[in-house]
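Peer 1: Below are the structure tokens for one structure; questions will follow.
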Amino acid sequence: MPEENVRVAVRVRPFNRRERERNATLIIDMNGATTQITDPAGADEPRKFTFDYSFWSHDGSKEDANGYYGPDTSHPNGKKFADQKKVYDALGVAVLKNAWEGYNSTLFAYGQTGSGKSWSVVGYGINKGIVPMFCDDVFKQIEAKKAEGDKTEFEITFSMLEIYNEQVRDLLDSSRQKGGLRVRQHPKLGFYADGLKIVPVSDYADIEKRMEEGTQNRTVASTNMNATSSRAHTIVGITFVQKFQNAAGEETTKTAVTNLVDLAGSERADSTGATGDRLKEGAAINQSLSCLGNVIAALADRSSGKNTRVPYRDSVLTKLLKNALGGNSKTIMIAALSPADINFDETLSTLRYADRAKQIKNSASVNEDPTEKLIRELQEENEKLKAALASGNLTMVAGEEDDDLTDEERAQIKLELEDQYKSILDKNAQEMEDMKKTFEERLKEAEQKGGGSGTDFAAINEKKKTVAHLSNLNLDPQLSGHITHFVEAPEVCIGAEGDIAFKGPSVVAKHAIIRDDGGKFTIEACDVTNRLLQNGKAVVSKQPLKHNDRLIFGTTQYFVFVNPKERDASKEKFPEVTFEMAQEEVAKKSGFDMSGENKSREDALLQEDMLEIMPAVEEANAISQELDKKMKFESMVVSPEARGELSGRTEVMIKATNIETKHEWIWPKVKFMNRKYVMQEMYNDFLDGDDPWELPPEKDPFLDDINAEFHIGSVKIWLQSTSYMIAMKEQLDIIDYRGYEVGKINIELVPCNKSGKEFAEDEVFVEDPSELVGKEIFFKLKLENGMGLPTRFTDLYAKYIFNHEPKPFETKKLGNTINPQWAFSQVHGYAKATEKDIDFLKDGAIMLQVWGKQKLPKEKKTVNTKDAMIKGNLTKGQTHNVNTNNKKVDPEKVKYMMKCAMLEKKTQHLEQKLAAMKKMLEEAEKHKKKKLTVDLIQKIYHAPSNDAADKCIALIPQEKDDTSSESSKSSSSSSSSSDDEKKEKKKHKRSLSARERKKEKNKDQEPKRPMSVTSIHSDKAVLKPQKRNESPKPQKRKESPKAKKQTSDAIKSQNKSSSCVLL
């Protein structure tokens, strides 16, 4: 069987509404098969990736009269715009061709939530995606074959499943099976979902009906537990069987299995957020995608010749996709890209994922065998299985490649073999029975069994045009509008036991009432404590209900009220209502700025996080109330400094509080979301009446380790003083995650040598940090003690990392005190400092974190969760957030405080030097000295103390002043020069007119102004007349680089003579 690579395509969508509002920057460009991504921060050069196809669907389109988006030839990008048909022709037609030839095929879509996966796979309305167009074409081509007189029998079966939290759910079965379907192993078929409904379909309309049925079942489950759909994988399976007589006259069966996979969103999640979390169940939400990435990486390594174990068994998804990824299948991957700068990291990750996938090689073969041979093989296989069961001699499933199994995995599989053998026997028997029946017989049987939900979707859609109703909203646009509740009676009760019945967190038996008074509708809550929101605002009394009003019952049931009569009678153009719109207005009513205008990338990311976390927090609190779990959750906006980090962006975190013991935990967003999914499963079991629904403490998502260390607060210690070798002693504020002061800490930074011997700063002070480049520089950090820390903590200690060193430095742990006396000191520095090292000391900092453990409660009060939350005013549509301002104490305060203290000390040093120089001049004048040696001046200037300077100044009288002969020569020369000047002046006057001589005379009689020194250049003083009534002022010295060099040369010249002239 020839090998061929997985074919990979990427597709970029248009900007969405929020991206347009904030004028997002486009980061994707495409040219032919090449895709280029640009870092919005400009940190790196644009990166290019080449795939089999790069589909540009960002712009260059226009909507026709039917609502179809096709290329706009008038647009610059109209020619390269890829519409749904172009994508299908490139990818879907190839899948269809494979099916006719008898090859298994898989097409899967990958990308973050909202990147456009479903647009390509399923599509919307008339803009059909690959799956519906594929199904439609299969039946069209079958009809064409039959019209040509082809005697082949064609059979098509359909299945639809969902993988969520490592559980497989049959979407064609409306009942909820506890734990989901079991994934088993077949000797020829590989992995399969045991008990999955595989129903025969006769035409495209039948498939459409089945897909709508599956989508509705998926929507109901998703609505009960808000937003789970974005974390679920959906697999549509279509089996295409052709039965015909081969050249030898044997009845032959050609089978092709096509899997169309819509993967869960590759969320923007930092996996480190859940590091150290004792609860691992929540990670199952992300497990399938993580394992898929590992499998793709391993298969890419295998394709390059490496002998790598491929971990198919690590997740349910990779088991079911084993054939598609590394076996008997032709596989196509389409990666959906977001075009906006806010999603740069996720889009780059998707491109890398796709680039790795294209390296995988598969070996597909035609699945064609005589029917009798297939039946015979199944019979033989069953006989072997029966014999194995009878003898108890159970072995691995024949034909399975098991070289990637560990001993532990082998042992586990053997424990399940007996149950698995029985399942395979049943499946083989069913297959043999199906082969003996005609397709028409199977269709008839399916109808008699009541296949399908029995819902008349066409009738419902027609009724929606005239009757007022509630239509569901879902985070996944594919699932919005699939649940309809008609409001036909004058008074309709809504709730868990109402006329319109649904369940969910905080939804009570009788939750709300909608009344119809002659076509005018109103809504009110049955009880003031019931959580009911209308257009983001809590409903506390009867309110008019208008067309397009958004309603939220409890925390997860989102609906839009549709009044067709009001809509049709109005001239107003009503906007399409989305789940996102409903979320945003709740956030706005809670005081958050949700506008997209003038938002930086960091602000936009924070806004996205808030939109995701707010409903999740509401839901977690609602579940905690109903299960009486004694926990309260609140969202927080936390700066990097408040998290104890030197850099990073502001993030959303969760404060979890036990309302009985008052213990607190701070959870990263990832940890909270992972636990929330387990809370949902726990709540579902509670609703279903499962016993026990309560989980053991080690698996309970509401509980955290009381003995876990708690990050109390942080303080940023700036190191600028060390770059001047100045000692620093400060008392600094410790700031907690809210930005509030929770204590103080006394610290010292002292210059020292490598062994820790401290220097007096007068000995080592430098005016310019650059003087330390290439020299040894060390300092000692002292953490003397903490003061006034919260009383609820014990085992207090501080830790920090110096300049990216791998291991943190820690103080000792002290208990039973709020004023820990750590007496900690540590030497840091460089044996030979580089410019980079000096820059770090001059501009960098150490982030010191204070940690401790929460004390065990002395007594435990018994409280009811719901009562406590109502008392705390945390219900009725209010958002549970700890803070909306993450800088209660400005973290820059410490920086400026330490800088001011350093500058004060630096000024003291410079003033000391200036005083010494002034005293030197006074002493030289007193002793009438005209010259001092440079050596003595340098000793006075660099003297480490006043006493040392005074000792040097005392040497001035001993300085030799041999300038008498030079003065004589100077006087003689001056006299000669004066005579020459007089003669020249007389000669000049004789040449002047009488008027000019008079003017010259007046000028000579004008009183002379004093002269002031404006600059000193080399060994000369430049003099300038001083303005009248102005006393001489010291002038700031400004020199060009050239002048500086000349000054330096002059000083060197004077150094050679070892003397300095006092001007």
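Numbers given in the numbering used here equal positions in the sequence shown, counted from 1, plus 175.
We treat Cβ as the ideally placed atom computed from N, Cα and C, and that holds for glycine.
Shortest alpha-carbon distance to K955 belongs to which of V890, M903 and P944?
Peer 2: The shortest C-alpha separation from K955 is found at M903.
Peer 1: Taking the continuous alpha helix (DSSP H) assigned at D1018, which residues delimit it?
Peer 2: D1018 -> alpha helix (DSSP H) spans E1010 to D1018.
Peer 1: Does the Cβ of G242 have 16 or more other Cβ atoms within 10 Å, making it buried, or fewer, making it exposed?
Peer 2: Flag for G242 reads exposed.
Peer 1: Would you identify the three-state DSSP class for I1045, choosing helix, strand or coil?
Peer 2: It is helical.
Peer 1: Is the region 918-938 in contact with the region 844-858, if contact means three or more CB pairs nearer than 8 Å?
Peer 2: Contact fails: fewer than three Cβ-Cβ distances are below 8 Å.
Peer 1: Fully enclosed by the region 205-267, which alpha helix (DSSP H) runs are 4 residues long or longer?
Peer 2: Correct list: 259-262.
Peer 1: Which value, in whole angstroms, describes the spacing of the CA atoms of E869 and R406?
Peer 2: The alpha-carbon atoms of E869 and R406 are separated by roughly 24 Å.
Peer 1: How big is the Cα-Cα spacing for L1023 and D489?
Peer 2: So the alpha carbons of these two residues sit roughly 40 Å apart.
Peer 1: Taking the straight line between their C-alpha atoms, what separation do you get for D477 and S280?
Peer 2: In the sequence on display, residue 477 carries Arg and not Asp. Rounded to the nearest angstrom, the two C-alpha atoms are 21 Å apart.
Peer 1: Does DSSP put W842 in a helix, a strand or coil?
Peer 2: Correct three-state label for W842: strand.
Peer 1: Alpha carbon to alpha carbon, how far is M508 from F877? Give it in angstroms, no decimals.
Peer 2: Rounded to whole angstroms, F877 to M508 spans 38 Å at the Cα level.
Peer 1: For A184, which residues in the same chain have their Cβ closer than 8 Å to its Cβ, ignoring the five residues on either side in sequence?
Peer 2: Contacts found: F226, D227, Y228, S229, F230, V262, A265, L266, I507, M508, I509 and A510.
Peer 1: How is A1245 classed by DSSP in three states: helix, strand or coil?
Peer 2: Residue 1245 lies beyond the residue range present for the chain, which begins at 176 and ends at 1238; the question has no answer from this structure.
Peer 1: How would you label T986, buried or exposed, when you count the other beta carbons within 10 angstroms and need 16 or more for buried?
Peer 2: Buried: at least 16 other Cβ atoms inside 10 Å.
Peer 1: Can you list, in chain order, the residues of its chain with a C-beta nearer than 8 Å to that of F749? Leave out the 5 residues immediately preceding and following it.
Peer 2: Correct list, in chain order: H722, N723 and R742.
Peer 1: With DSSP as the reference, identify every bridge partner of P172, one or two as the case may be.
Peer 2: Residue coverage of the chain in this structure runs from 176 to 1238, which leaves residue 172 outside it and unanswerable.
Peer 1: In terms of residues, what are the limits of the alpha helix (DSSP H) holding C139?
Peer 2: The question about residue 139 has no answer, for the chain in this structure spans 176 to 1238.
Peer 1: Let's test the definition: count the other Cβ atoms within 10 Å of the Cβ of I635 and tell me whether it reaches 16, buried, or not, exposed.
Peer 2: Exposed is the call here.
Peer 1: Using a threshold of 7 Å, state whether the C-beta atoms of R355 and V374 are closer than that.
Peer 2: Sequence inspection shows Gly at residue 355; the Arg mentioned does not correspond to that position. Cβ distance not < 7 Å, so G355 and V374 don't count as in contact.
Peer 1: Go ahead and pull the three-state DSSP assignment for F767.
Peer 2: In the structure shown, F767 sits in coil (DSSP, three-state: anything other than H, G, I, E or B).
Peer 1: With DSSP as the reference, please indicate the residues paired to I910 in a beta bridge.
Peer 2: I910 is bridged to S889 and E916.
Peer 1: Using beta-carbon positions only, say whether G711 and V682 come within less than 7 Å of one another.
Peer 2: The answer is no: Cβ separation not under 7 Å.
Peer 1: Assign H838 to one of two classes, buried (16 or more other C-beta atoms within 10 Å of its C-beta) or exposed (fewer than that).
Peer 2: Result: buried.
Peer 1: For D381, count neighbouring Cβ atoms within 10 angstroms of its own Cβ and tell me buried if that reaches 16, exposed if not.
Peer 2: Under this definition D381 is a buried residue.
Peer 1: Along the alpha helix (DSSP H) that carries Y1116, what are the first and last residues, could you check?
Peer 2: First-last of the alpha helix (DSSP H) with Y1116: V1109 to Y1116.
Peer 1: Whole angstroms is fine: what's the gap from K746's alpha carbon to N738's?
Peer 2: Straight-line Cα distance between these residues: approximately 14 Å.
Peer 1: So, using beta-carbon positions, are L654 and T394 closer together than 7 Å?
Peer 2: Yes, Cβ-Cβ distance for L654 and T394 is below 7 Å.
Peer 1: When DSSP builds the beta bridges, which residues end up paired with S538?
Peer 2: S538 pairs with E178.
Peer 1: Under three-state DSSP, which class holds Y278?
Peer 2: DSSP places Y278 in coil when its eight states are reduced to three.
Peer 1: Quick one: give me the first and last residue of the beta strand (DSSP E) that L147 is part of.
Peer 2: Coverage of the chain is limited to positions 176 through 1238, which leaves residue 147 absent and any answer about it impossible.
Peer 1: Would you report the Cα separation of K639 and D234, rounded to the nearest angstrom?
Peer 2: One C-alpha to the other measures close to 34 Å.
Peer 1: Determine contact between the region 241-260 and the region 211-221, defined as no fewer than three beta-carbon pairs at a distance below 8 Å.
Peer 2: Because the criterion of three Cβ pairs below 8 Å is not met, the region 241-260 and the region 211-221 do not touch.
Peer 1: Starting from the Cα of G389, find the closest Cα among I317, N421, R192 and T630 and give me that residue.
Peer 2: It is T630 whose Cα lies nearest to the Cα of G389.
Peer 1: Measure the C-alpha to C-alpha separation of K805 and D880 and round it to an integer number of angstroms.
Peer 2: For K805 and D880, the distance between alpha carbons rounds to 15 Å.
Peer 1: Would you call the CB atoms of L435 and V411 closer than 7 Å?
Peer 2: Cβ atoms of L435 and V411: closer than 7 Å.
Peer 1: Roughly how far, in whole angstroms, is the beta-carbon of P944 from the beta-carbon of S898, given that I think they are within contact range, below 8 Å?
Peer 2: The Cβ separation is near 4 Å, so the contact holds.
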